[in-house]
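Below you'll find the structure, written out as structure tokens, and then a few comments.
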Amino acid sequence: MHTEFKQHKEKEEGFAKLAGSLYLAEQVSLVLDGKAESFSLPAALKELIYEALLNLEQGNAVELVALRPILSSQEAAEFLHVSRKFLICEILDKGKIPFTLVGKHRRIKYSDLLEYKRKLKVEQTKNLDELAIESQQNGFFYV
181 MHTEFKQHKE KEEGFAKLAG SLYLAEQVSL VLDGKAESFS LPAALKELIY
231 EALLNLEQGN AVELVALRPI LSSQEAAEFL HVSRKFLICE ILDKGKIPFT
281 LVGKHRRIKY SDLLEYKRKL KVEQTKNLDE LAIESQQNGF FYV
């Protein structure tokens, strides 16, 4: 295997391993100036680092952008990587994420967006597990 490719592959696998370990960890330890410190990370920070590492693993650039605790529908749509119209019609109006109206403008709590993403991820994992079981029962095996 070409050395540069091998190093790149090892780096990608390192991102995935670190992302998974960090996401599941109760405590995180860092060595700063020769002193080890252990502490808990807030769930929002763990999610941020996890998403950043997974994107780096896939070769994507990562940009950190500060968001206010209350977002406009456009900001919320960008956060979820969906169109504003889809957010409004398929998510907000169907009650999947709570929102408030300020005049005629929808406002969404950042914490509610994070909870929606978490639930969506759990549901997707459950669906994939069910699909895998069904495929195996029907004699389909994917490598």
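FYI, in my numbering the residues of the sequence shown are 181 to 323. No residue lacks a Cβ here, since even glycine has one placed at the ideal position from N, Cα and C. This one's a predicted model, so the numbers in the text were calculated from it and none came from an experiment.
Buried/exposed call for residue i, threshold 16 Cβ in 10 Å
{"i": "phenylalanine 279", "result": "buried"}
{"i": "leucine 212", "result": "exposed"}
{"i": "isoleucine 271", "result": "buried"}
Range of the contiguous beta strand (DSSP E) that encloses residue i
{"i": "alanine 383", "result": "The requested residue 383 does not occur in the structure, where the chain is confined to residues 181 to 323."}
{"i": "glutamate 270", "result": "Here glutamate 270 belongs to no beta strand (DSSP E), and DSSP marks it neither H nor E."}
Secondary structure of residue i, DSSP reduced to three states
{"i": "serine 209", "result": "strand"}
{"i": "valine 282", "result": "strand"}
Proximity below 7 Å, CB of residue i to CB of residue j
{"i": "leucine 244", "j": "alanine 256", "result": "no"}
{"i": "glycine 234", "j": "alanine 205", "result": "One point to set straight first is that residue 234 is leucine, not glycine, in the sequence displayed. No, the Cβ-Cβ distance between leucine 234 and alanine 205 is not below 7 Å."}
{"i": "leucine 221", "j": "valine 208", "result": "yes"}
{"i": "leucine 236", "j": "valine 242", "result": "yes"}
Residue span of the alpha helix (DSSP H) that contains residue i, given as start and end
{"i": "lysine 299", "result": "290 to 317"}
{"i": "serine 253", "result": "253 to 260"}
CB-CB length for residue i against residue j, believed under 8 Å
{"i": "isoleucine 288", "j": "serine 263", "result": "Wrong, their Cβ atoms sit about 15 Å apart, outside the cutoff."}
{"i": "alanine 224", "j": "leucine 300", "result": "Not really, about 16 Å apart at Cβ, beyond 8 Å."}
{"i": "tyrosine 230", "j": "leucine 202", "result": "6 Å"}
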